[in-house]
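Read in order, the letters of the sequence shown correspond to residues 10 to 413 in our numbering.
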Amino acid sequence: MNTQILNELIFNPTDKDFLYNPYPFYRCLRSEDPIHYSPLGFWLVTRHKDIEDVLRNKFFGKNFGAVLEKQLNTKIADEPALKMINLQVLMSNPPAHTRLRKLIMKAFVSSSIKKLQPMIEETANMLIDRVEAEGSMDIMRNYAERLPLMVICKMLGIDAEADMDFFVSRIPSRLLDLKPVSREELDEVNQDVIELSAYIKGLCDERRVSPKDDLITHMVHAREDGDILSDDELVANIMLTLGAGYETTTSLISNALLLLFRHKESLDEIKADPSLTVNAIEEALRYEPPVQIAARTALEDTSIDGQMIKKGETVILVLSSANRDEEVYSNPDVFDIYRENIRPISFGGGAHLCLGAQLSRVESAIAINTILKRLPHLSLDDVEQPNWSLQFTRRILNNLIAHW
């Protein structure tokens, strides 16, 4: 690679222009340096084929706790937030991951998506009822965030209306970004996690005595060959379900709506034929994926397409780059609701494929069809210059103002 191109490929996850539109930089990386080492201390992998290989490679796994230990100069056992995150199925490796996933899957199987659809539709309509007479709203705050949060709370058996702000303010998602976290910020997150953990543990204790037909009950009573989830594992993975159960779907709903209103012909076609929404959701997942990256750690010395990766090194898989790989998708920078065989990599893959991927898709399709039907004259402000939250790890809007 020539020196001029190399100088242009300095990765800066705090650069506002990059964060507002990272895709040109990723396109350049795929072409010039697809397995790119950052001076920040990790590898950026940007091609679809390499990312798929890593997701299925047994020599790569999760070691998020160790990364944070190093970054914060602390120990997992001393930090309640890190301890909880480290116990989540999303952050574990086999055999612990296999065990946790089996037990949690038993609980999720009991909540079939088909049975949930009427509840999701009812909740979406209720949220529209609340704002219909006002003539405007922030779709992010009043709809895209509230719908999946209320759905996951109802699934868990939690009073969403009473406790929504409590949950949202205490889910430790800020630790999942790659931005440095100060000691003061970590102390705040630790306190949030202590309070949320106590609340969740109380719910688990209640379900042991008085079972209900909800996800917490199913998780409390899940068994596999006599094995059960420990108290800490229950709390950690219910916390994960709360966070993952709404944050990704919030972004998917709002990102998909933004894309449709940018492409009026596609919007009109979906209004005329709502069945097209299913494929439009897949294309939105590809084009503006809510989760932009997945992190892995080399468990042994290994390689990616000939590039040596040493044991303990961190690899950042840029899912949003894989979704625009020219070797996989024709015209990847074009949003096309009729694109065939999309299969975006947005929910990860391999052993850590997202458990809630299908629920997120169904919720998003219902959310979009409901709002377009109920508010036929809906219009969005600033569709060409949206107010993105400038994050490297997630693609989420700060707001999405609508009028009708």
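From the three backbone atoms N, C-alpha and C, an ideal C-beta is built for every residue, glycine too. Keep in mind the model is a prediction, meaning the values are calculated, not measured.
- The residue among 299, 23, 327 with its C-alpha nearest the C-alpha of residue 43 is 327.
- Three or more Cβ pairs closer than 8 Å define a contact, and the segment 139 to 153 meets that threshold against the segment 375 to 387.
- Residue 57 and residue 226 have their C-alpha atoms spaced approximately 39 Å apart.
- Minimum Cα-Cα distance from residue 394 among the listed residues 408, 381, 387 corresponds to 408.
- When only Cα atoms are considered, residue 170 and residue 380 end up about 21 Å apart.
- With a minimum length of 4 residues, the unbroken runs of alpha helix (DSSP H) contained wholly in the segment 318 to 391 fall at 328 to 331, 366 to 383.
- For the pair residue 223 and residue 166, the CB atoms are nearer than the 9 Å cut-off.
- Of the candidates 397, 99, 265, the residue whose Cα lies closest to the Cα of residue 406 is 397.
- At a cut-off of 4 residues, the continuous stretches assigned as alpha helix (DSSP H) that sit fully inside the segment 129 to 189 are 155 to 165, 169 to 179.
- The beta carbon of residue 372 lies closer than 7 Å to those of 129, 156, 157, 160, 258 in the same chain, with the five residues before and after it left out.
- Comparing C-alpha distances from residue 300 to each of 147, 260, 70, 399 shows the shortest one belongs to 260.
- When DSSP states are grouped into helix, strand and coil, residue 53 belongs to the strand group.
- Annotation for residue 45: the continuous beta strand (DSSP E) segment containing it runs 44 to 47.
- Counting along the chain, residue 227 sits inside the alpha helix (DSSP H) bounded by residues 224 to 229.
- Contact between residue 269 and residue 263 is absent: CB atoms are separated by about 11 Å, not below the 8 Å threshold.
- Note on the segment 219 to 286: there is no whole beta strand (DSSP E) run with a minimum of 3 residues.
- Taking C-alpha positions only, residue 19 is separated from residue 64 by approximately 25 Å.
- Counted as a single uninterrupted DSSP element, the alpha helix (DSSP H) harbouring residue 90 occupies residues 89 to 95.
- Residue 39 carries a helical assignment under DSSP once its states are collapsed to helix, strand and coil.
- Residue 404 sits in coil when the DSSP states are folded into three classes, being neither helix nor strand.
- Linking residue 144 to residue 280 through their CA atoms gives a straight-line distance of about 20 Å.
- Judged by beta-carbon spacing, residue 311 lies beyond the 9 Å limit of residue 51, meaning their Cβ atoms are not closer than that value.
- Taking the Cα positions, residue 103 is about 45 Å away from residue 411.
- Close CB contacts of residue 293 within its chain, under the 6 Å cut and outside five residues either way in sequence, are with 264, 265, 268 (chain order).
- Looking only at 109, 287, 256, the smallest Cα-Cα distance to residue 234 is reached by 109.
- The alpha-carbon of residue 334 is positioned some 36 Å away from that of residue 146.
- Measuring C-alpha to C-alpha distances from residue 98 to each of 242, 287, 273, 400 identifies 242 as the nearest.
- Bounds of the alpha helix (DSSP H) holding residue 27 are 25 to 29.
- Here residue 317 is exposed: its Cβ has fewer than 16 other Cβ atoms, across all protein chains shown, within 10 Å.
- Within the same chain, Cβ atoms closer than 7 Å to the Cβ of residue 272 are found at 344, the five residues on either side in sequence being excluded.
- Here residue 245 is buried, its C-beta having at least 16 other C-beta atoms within 10 Å.
- For residue 312, the enclosing beta strand (DSSP E) has its first and last residue at 311 to 313.
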